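A.B. asks: Following my numbering, the numbering of the sequence shown begins with 3 at its first residue and continues without gaps.
I am attaching a structure below and will ask some questions about it afterwards.
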Amino acid sequence: MKPILENRIKAFVVDYLIMGIIGFLIIALTDNLFLAMIIVYPITMNKDFLNGKSIGKRLFGIQVQNLNNQKASEWKSSLRNFLPIIPLDLLFTFVSPTRRIGDRIAETKIGIETEQNLKTLSSELKKYRINKELIFGIIFGIANIYGLLWLYEIILS
Numbered sequence: 003m004k005p006i007l008e009n010r011i012k013a014f015v016v017d018y019l020i021m022g023i024i025g026f027l028i029i030a031l032t033d034n035l036f037l038a039m040i041i042v043y044p045i046t047m048n049k050d051f052l053n054g055k056s057i058g059k060r061l062f063g064i065q066v067q068n069l070n071n072q073k074a075s076e077w078k079s080s081l082r083n084f085l086p087i088i089p090l091d092l093l094f095t096f097v098s099p100t101r102r103i104g105d106r107i108a109e110t111k112i113g114i115e116t117e118q119n120l121k122t123l124s125s126e127l128k129k130y131r132i133n134k135e136l137i138f139g140i141i142f143g144i145a146n147i148y149g150l151l152w153l154y155e156i157i158l159s
């Protein structure tokens, strides 16, 4: 297995394990699936907002980049995570280790980047300023939840 693909899979597992634990705790504490969705789904869409790296990507030295090898913007990082077809997207990753379906839509890819890791996360967060791209990504994520719930109701009726 190629190193970037291996690191990408490991990062995916770490990220979704963290989000699963967050969702489980919210449901266990509040017994409210909708609240868990409203919190976890925007996190899922925006997990790479800080310099193109989620916690999993930081652990394994990879980063979301634009096609010019620069860190991807918050909007592109959110857009690439929009598709709710994770199994299909994962299969596509095996065909193209650096670019899945979401990457093709957002014009991004995964590249190697080891300068910023978990140790630098705190200092990066202190320097970070909320901007319109991040706010739009969060709103986009919440709106997507309502769209998925609407679709779910249509399917069940």
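Beta carbons: idealized from backbone N, C-alpha and C, even for Gly.
Keep in mind it's a predicted model, so treat the numbers as computed, not measured.
1) Report buried or exposed for lysine 129, applying the criterion of at least 16 other Cβ atoms within 10 angstroms of its Cβ.
2) For tryptophan 77 versus glutamate 115, is the C-beta spacing smaller than 7 Å?
3) Please look up how many angstroms separate the CB atoms of lysine 12 and phenylalanine 62, rounded, as I've assumed it's under 8 Å.
4) With 16 other CB atoms within 10 Å as the buried threshold, where does glutamine 72 fall?
5) Leaving out the 5 sequence neighbours to the left and right, which residues in its chain are closer than 6 Å to threonine 95 when beta-carbon positions are compared?
6) How big is the Cα-Cα spacing for serine 75 and asparagine 68?
7) Where does lysine 73 fall in DSSP's three states?
8) Using 7 Å as the limit for Cβ to Cβ distance, is glycine 149 near chain C?
9) In the DSSP assignment, the alpha helix (DSSP H) including glycine 22 goes from what residue to what residue?
10) What distance in whole Å lies between the Cβ atoms of arginine 82 and glycine 104, which are believed to be in contact at a cut-off of 8 Å?
11) With a threshold of 6 Å on Cβ separation, who are the neighbours of valine 66 within its own chain once the five nearest residues in sequence on each side are excluded?
12) Which of helix, strand or coil does DSSP assign to isoleucine 132?
13) With 16 as the cutoff for other CB atoms within 10 Å, does glycine 22 come out buried or exposed?
14) Specify the secondary structure class of asparagine 68 as computed by DSSP and reduced to three states.
15) Would glycine 139 be called buried (16 or more neighbouring beta carbons within 10 Å of its own) or exposed?
C.D. replies: According to the data block:
1) exposed
2) no
3) 5 Å
4) exposed
5) Arg102
6) 8 Å
7) strand
8) No chain C is part of this structure, which consists of one protein chain only.
9) 5-32
10) 4 Å
11) Asp50, Gly54, Ala74, Ser79 and Thr110
12) coil
13) exposed
14) strand
15) buried
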